[in-house]
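So for the sequence shown, the working numbering puts the first residue at 2; every next one is plus one.
Where a beta carbon is used, it is the ideal one built from N, C-alpha and C, also for glycine.
Working notes, beginning with the structure itself.
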Amino acid sequence: MMEKTIELINTRIRDGNARAVRADQMPDIVDELGVAGALREVDVVTTGTFGAMCSSGAFFNFGHSDPPIRMEKVWMNDVEAYAGIAAVDAYLGATQKSETQGISYGGAHVLEDLVAGNSVRLRAQSKGTDCYPRKTLEIDLTLEDMNQATMVNPRNSYQSYVAAANTTDRTLYTYMGTLLPNAGNVSYSGAGCLSPIPNDPGLRIIGSGVPIFLCGAEGMIIGEGTQASPGNGFATLMTTGNMNDMSTDFLRAATFKGYNSTLYVGLGVPIPVLDEDVVRRTAVRDEDLKTTIADYGVPSRDRPTLREVTYAELKCGHVEMDGEEVKTSSLSSYKKALEVADELKSWVESGKMELALPTRRINTEKTSRPMRDRARAPQVRDIMNTSLVTISEDEDIRTAAKRLLRGGTNHLPVLDGANRLVGIVTTFDISKAVASNGKGETVKDIMTKRVVYTSPAEAVDVATHKLERNNISALPVVDESGKLVGILSAIDLSKLFERGWKQ
Numbered sequence: 002m003m004e005k006t007i008e009l010i011n012t013r014i015r016d017g018n019a020r021a022v023r024a025d026q027m028p029d030i031v032d033e034l035g036v037a038g039a040l041r042e043v044d045v046v047t048t049g050t051f052g053a054m055c056s057s058g059a060f061f062n063f064g065h066s067d068p069p070i071r072m073e074k075v076w077m078n079d080v081e082a083y084a085g086i087a088a089v090d091a092y093l094g095a096t097q098k099s100e101t102q103g104i105s106y107g108g109a110h111v112l113e114d115l116v117a118g119n120s121v122r123l124r125a126q127s128k129g130t131d132c133y134p135r136k137t138l139e140i141d142l143t144l145e146d147m148n149q150a151t152m153v154n155p156r157n158s159y160q161s162y163v164a165a166a167n168t169t170d171r172t173l174y175t176y177m178g179t180l181l182p183n184a185g186n187v188s189y190s191g192a193g194c195l196s197p198i199p200n201d202p203g204l205r206i207i208g209s210g211v212p213i214f215l216c217g218a219e220g221m222i223i224g225e226g227t228q229a230s231p232g233n234g235f236a237t238l239m240t241t242g243n244m245n246d247m248s249t250d251f252l253r254a255a256t257f258k259g260y261n262s263t264l265y266v267g268l269g270v271p272i273p274v275l276d277e278d279v280v281r282r283t284a285v286r287d288e289d290l291k292t293t294i295a296d297y298g299v300p301s302r303d304r305p306t307l308r309e310v311t312y313a314e315l316k317c318g319h320v321e322m323d324g325e326e327v328k329t330s331s332l333s334s335y336k337k338a339l340e341v342a343d344e345l346k347s348w349v350e351s352g353k354m355e356l357a358l359p360t361r362r363i364n365t366e367k368t369s370r371p372m373r374d375r376a377r378a379p380q381v382r383d384i385m386n387t388s389l390v391t392i393s394e395d396e397d398i399r400t401a402a403k404r405l406l407r408g409g410t411n412h413l414p415v416l417d418g419a420n421r422l423v424g425i426v427t428t429f430d431i432s433k434a435v436a437s438n439g440k441g442e443t444v445k446d447i448m449t450k451r452v453v454y455t456s457p458a459e460a461v462d463v464a465t466h467k468l469e470r471n472n473i474s475a476l477p478v479v480d481e482s483g484k485l486v487g488i489l490s491a492i493d494l495s496k497l498f499e500r501g502w503k504q
């Protein structure tokens, strides 16, 4: 069986004789030439992806001022950076928001401004010490003014990220973009067969020390990314590169409505074609790559899976869910991913980039663990009021008013004959009915039919968010069968503060 060495491939690169192809072209080459023929013909497969990678940022060394300052607090264009490293070092995260502009401008925008050649306003504070007497500093700096500007991204280049849908009856704004109600769309990310890790799922070629394309610069893989879980198909990479060599063609800031700022990162890994195993793995097609569509309408760590889907289905613009055709859209840019892979291909064929095998392999069996909660968070069932005052939809408004007064409550859940929640009436609804000169005679005529509710097992934090988001003061508590089992009000929430929560 024919094999190549990394030394042979690098010799061909230096001589200008190396043949590089994009990952999306490799399947057709294998179909035409066979595995052995493709091994003889191709030396390097180039991959690429361009998408939102929130877990990104950069280390900066600003140099010492005169008199010197030990920067205890640092802001760059009013975006705070982490300064607990050394006197004039700081780390700026892409999702850190501006203290003056909110999520419309964040760490990602500062990084893009710097790469674009713009200056940023550096502001620093300190208590002052004998060796660092200065207490304040404010100055405009560019990348060229800094000793180091090193991008270090804790988590890039996902192996396979879940697609997202929303089965609730309202629009959600998430890190997966805007999700329409009632599963009105599916949002996904990733370049499929062009992405790096799907072309080396066993992480044999991709690992520590491997050179990569990062935002237009030659970067390097540090090792596994944070939250990496290759054991269940969710590997990630930690990457680094010199910001001075980067380009805004492959590094762009963005803001997701209702969520935060993020950084779009162009990343590509060259894969040396050493043997037939590498050929087979780089011949992957979108039809071979699967992910799941998760329900982001469920505010839980483990979101329900709506269905399994291939990248071929996602990329075609629609998928079938429950017998209906649902539109799909990509958060990442396949066009830019192709540009990354093409640019990397030109680097290899021109001799600009030689290849290397990992100095340390990534553990392919490792799985990511959830947070180990030693104390259970309070649930709605722990504080809800089970002394219920209710009414049926066919009773008259006068009866509802009396029941509200007698029950000492402002909220009256409306039930059908099977004790299922069908609406809610408040004192405000009664007041409106009286003010409208008797329009409507029964509870059904004035009740709110689209009721915001909670469940006994829902976290109190989530229920509180529902109250705040909908500007209401109480939530009916409904079990899995749709029956009313309690009500949660702002008064019930105060129980947490009165007794303290301990479990």
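DSSP places Ile10 outside any beta strand (DSSP E); the residue lies instead in the alpha helix (DSSP H), whose first and last residues are 7-16.
In this structure, Ala342 lies near Thr47, with their beta-carbon atoms less than 8 Å apart. By the C-beta density criterion, Lys403 is exposed, having fewer than 16 other C-beta atoms within 10 angstroms.
Its chain contains Val463 as the residues whose beta carbon lies nearer than 7 Å to that of Pro300, once the 5 sequence neighbours on both sides are disregarded; these appear in chain order.
Annotated as distal: Arg13 and Val43, with beta-carbon spacing of 8 Å or more. Inside the region 152-218, DSSP marks whole beta strand (DSSP E) runs of 3 or more residues at positions 164-166, 173-175, 178-180, 186-189, 212-215, from first to last along the chain. The count of Cβ pairs closer than 8 Å, one atom from the region 136-153 and one from the region 224-232, stays below three, leaving the stretches out of contact. The three-state reading of DSSP puts Gly108 in helix, counting H, G and I together. Around the C-beta of Met54, 16 or more other C-beta atoms lie within 10 Å, and the residue is accordingly described as buried.
The beta carbon of Ser393 sits closer than 8 Å to the beta carbons of Val415, Leu416, Asp417, Gly418, Val444 from its chain, once the five residues preceding and following it are set aside; these are given in chain order. Ranking Asp90, Asp79, Pro28, Leu112 by CA distance to the CA of Gly58 puts Leu112 first.
Here DSSP, grouped into helix, strand and coil, assigns Arg382 to helix. The beta-carbon separation of Thr293 and Glu309, rounded to 5 Å, stays under the 8 Å limit for a contact.
Comparing alpha carbon positions, the residue from Asp430, Asn411, Glu350, Ser347 closest to Pro477 is Asn411. The region 97-109 and the region 117-125 do not touch, with fewer than three beta-carbon pairs separated by less than 8 Å. The Cβ atoms of Gly52 and Ser333 lie closer than 8 Å to each other.
In this structure Ile384 is not in contact with Leu290, their Cβ atoms being roughly 45 Å apart against a cut-off of 8 Å. Burial state of Phe251 is buried, judged by a 10 Å Cβ sphere holding 16 or more other Cβ atoms.
If you check the CB distance, Thr151 and Phe63 do not come in under 8 Å. With respect to Leu356, Leu195 sits apart: the two C-beta atoms are not nearer than 8 Å. In this structure, DSSP gives Gln97 a state outside helix and strand, which the three-state scheme calls coil. Tyr265 is positioned such that its CB atom lies no closer than 8 Å to that of Arg281.
Here Leu345 has Thr47, Gly49, Phe214, Gly269, Pro271 as same chain residues with Cβ atoms under 7 Å from its own Cβ, once five neighbours each way along the sequence are excluded. Scanning its chain for C-beta atoms nearer than 8 Å, with the 5 sequence neighbours on each side dropped, one finds around Pro305 the residues Ala295, Asp296, Val299, in chain order. Under a 10 Å Cβ-count criterion, Cys132 is classified as exposed, with fewer than 16 other Cβ atoms of the shown protein chains found around its own Cβ.
Scanning its chain for C-beta atoms nearer than 7 Å, with the 5 sequence neighbours on each side dropped, one finds around Arg421 the residues Gly483, Lys484, in chain order. DSSP places Pro305 outside both helix and strand once states are collapsed to three, so it counts as coil. Here Tyr92 has Gly58, Ala59, Phe60, Phe61, Ala82, Tyr83, Ile86, Val153 as same chain residues with Cβ atoms under 8 Å from its own Cβ, once five neighbours each way along the sequence are excluded. Contact between Ile206 and Pro273 is confirmed by a C-beta separation of about 7 Å, below the 8 Å threshold. Here DSSP, grouped into helix, strand and coil, assigns Lys450 to coil. The beta carbon of His65 sits closer than 8 Å to the beta carbons of Ala88, Val89 from its chain, once the five residues preceding and following it are set aside; these are given in chain order.
The C-alpha of Val22 lies about 44 Å from the C-alpha of Asp141. For Tyr133, the secondary structure class from DSSP, reduced to helix, strand or coil, is coil.
Ser347 carries a helical assignment under DSSP once its states are collapsed to helix, strand and coil.
Around Leu204, the same chain offers Pro231, Ala236, Arg362, Ile363, Thr365 as residues with beta carbons nearer than 7 Å, after the five sequence neighbours per side are excluded.
For Tyr162, same chain residues with a beta-carbon under 6 Å away, outside a window of 5 residues either side, are Ser190, Gly191 in chain order.
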